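Novice:
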Amino acid sequence: MRGHYPNLRTVAAIFLAMGLSSCNKDLEERIDRLEAELRGVRSDTRDTVEELKTRVISAETKVGVSSDGKTLDQRIASLEASFGEVLSMKSRDNEMVYLRANLQGHAPLLTDHGTFLVRMEGIDLNVTNGTYAVHLNIGNPQAIAVQQFTLRGHHGGGTPELPEGEAYDVRNEKLKVWQESLKPFEYRVTKTLEPFSWTPFDIEIAADSREELEMVRFAMVVENAQLNRQMAESGGSGANQYGHIDVDSKSATVLKTDYGAFLVAVKSAEQTDIGTKLHLEIGNPYGFTLNQCRLVGDYGSARPKRDQSASEEEYGEKMATWSGSLQPFEAMISAKISNFRWSKATVLMPGKVEDVKFLRCQLRIEDVTLPAAMAGAE
């Protein structure tokens, strides 16, 4: 009778093989699910990848070979590399800005809290400690007050001049040598960047000579920011609000619109036969272009100065008289206001140049466009 039953060892071996095969199949399915999840993560880099990464690292290794010929070790290594790509994409929210002391105008500074404007006002040697004080000015068009941030970057000589026909490419040996010569720095700033205003401050950089500061590049990492409660209660920066422009002022004025906050600076005024031409520069810190917009409000002479009045009552009377003298206007801006830069524009005011010293106005945006998608972008 014993010859009709299989050997017990054989039966045990069969069941063990079936169990291992089931285990391998289960792990293969888990890896397939992980790869499917990764494709979902790539489609939205805002999703967290920490949980998925932990699950991959904890998977058992050396289980077999997949249908495409890759072992489990190889597939996990590929997933790890992909996670690095995703994390790298997230880090692009804080992009480097390149500044030079003789660079005119402002540059956009992209952070994970929005776009700021930055310019370098100059560099001076600090004789007490041998460092260099770099004078920066950051414009904050956001409705948040940035209370603490860190600048991380490099400084060094200017980029090398390449002969005609030689591309500025990362594989260029001259650029590689220049890149390796740059020195890193990190500086934490505790001065508050108030909403809708410019904030000047200095950072200290240790350099052996002034030539090592021909180029300064950095990213801005916001560490502490706070929404202004008064602005939040009044609707924030998402609605048109009147701004005051002093025509003879050297600084720019923030005009808040439905599309965000923009900077407007009057560069000069010109008397013509049909009115006064105001030559403007408009700063657009956003990714869209303004195709058509206009200034609407009132204009008049310069505001009375408080210190020229004998008393509070006298100053109040002067302000009332001045306010009543303001005249309405509406001026089209035909020039396009390009994204991430200052654009020149001209508006025609109905009064004489001596009567156009103050504007109480709104910037009304009527048409915008986003740039076309880049070729090859995902």
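Each residue of the sequence shown is one higher than the one before, starting from 16 at the first, in the numbering used here.
Backbone N, C-alpha and C define an ideal beta-carbon position, used for all residues, glycine too.
Since the model is a prediction, treat every value here as computed from it, not as a measurement.
1. Nearest-angstrom Cα distance between asparagine 6 and glycine 172?
2. Buried or exposed for glycine 331, please, with buried defined as at least 16 other CB atoms from any protein chain shown within 10 angstroms of its CB.
3. Looking at the strands, I want to know which residues DSSP matches up with histidine 121.
4. Please name the residue in Val368, Asn299 and Arg225 whose C-alpha comes closest to that of isoleucine 289.
5. Assuming the contact rule is C-beta atoms closer than 8 angstroms, cysteine 376 and isoleucine 260 should be a hit. Round their C-beta distance to whole Å, please.
6. Would you mind reading off the limits of the alpha helix (DSSP H) that contains alanine 160?
7. For threonine 361, tell me which candidate among Thr336, Pro343, Ser283 and Gly312 has the shortest Cα-Cα distance.
8. Given 8 angstroms as the limit, is there contact between the segment 152-166 and the segment 185-197, that is, 3 or more CB pairs closer than that?
9. Out of Ser338, Asn255, Lys351 and Ala317, point me to the one whose CA is closest to leucine 295's CA.
10. What would DSSP say about lysine 351, mapped onto helix, strand or coil?
11. Measuring CB to CB, does leucine 293 end up less than 9 angstroms from leucine 363?
12. Measuring CA to CA, which of Val112, Thr146 and Pro156 is closest to methionine 135?
13. Lysine 271: buried (16+ other C-beta within 10 angstroms of its C-beta) or exposed?
14. Tell me the rounded alpha-carbon separation between arginine 356 and phenylalanine 131.
15. Beta-carbon within less than 6 angstroms of threonine 205's beta-carbon, same chain only, minus the 5 sequence neighbours each way: which residues are those?
16. Does alanine 280 come out as helix, strand or coil in the three-state DSSP assignment?
17. Can you find the residues in the same chain that come closer than 6 angstroms, C-beta to C-beta, to glycine 302, ignoring five residues on each side of it along the sequence?
18. Using three-state DSSP, classify leucine 177 as helix, strand or coil.
19. Straight-line CA distance for valine 383 to glutamine 157?
20. Who are the Cβ neighbours of serine 73 in its own chain at under 8 angstroms, not counting the five residues just before and after it?
21. In whole angstroms, what is the alpha-carbon distance linking alanine 276 and threonine 214?
22. Can you check which of these residues, Leu197, Phe233 and Ser316, is closest to arginine 203 by C-alpha distance?
23. Closest by CA to leucine 385, which one among Tyr257, Leu305 and Pro178?
24. May I ask whether a heavy atom of the ligand SAH can be found less than 8 angstroms away from the beta carbon of lysine 189?
25. Look up glycine 302 in the DSSP assignment and say whether it is helix, strand or coil.
26. Just how far apart, CA to CA, sit tryptophan 337 and isoleucine 138?
27. Is it buried or exposed for alanine 335, if we count other Cβ within 10 angstroms and need 16 for buried?
28. Count the other C-beta atoms from every protein chain shown that fall within 10 angstroms of the C-beta of proline 300, then say buried if there are 16 or more, exposed otherwise.
29. I'd like to check one pair, arginine 167 with valine 231: are the Cβ atoms closer than 9 angstroms?
30. Measuring CA to CA, which of Gly258, Lys372 and Lys359 is closest to glycine 120?
31. Could you check what DSSP says for aspartate 368 in three-state terms: helix, strand or coil?
Specialist: From the atom records:
1. Any question about residue 6 goes unanswered here, given that the chain covers just 16 to 393.
2. exposed
3. Answer is none; histidine 121 lacks a bridge partner.
4. Val368
5. 7 angstroms
6. It is not in any alpha helix (DSSP H) - alanine 160 instead sits in the beta strand (DSSP E) that spans 159-171.
7. Ser283
8. no
9. Lys351
10. coil
11. yes
12. Val112
13. buried
14. 11 angstroms
15. Gln163
16. strand
17. Asn354
18. coil
19. 20 angstroms
20. Any answer about serine 73 is weak, because its pLDDT of 47 lies below 50 and its placement is not dependable; what the coordinates show is given next. Cβ neighbours of serine 73 beyond the five flanking positions: none.
21. 16 angstroms
22. Phe233
23. Leu305
24. The ligand SAH is not among the ligands present in this structure, which contains no ligands whatsoever.
25. coil
26. 43 angstroms
27. exposed
28. buried
29. no
30. Lys359
31. The question names aspartate, but residue 368 in the sequence shown is valine. Helix, per DSSP.
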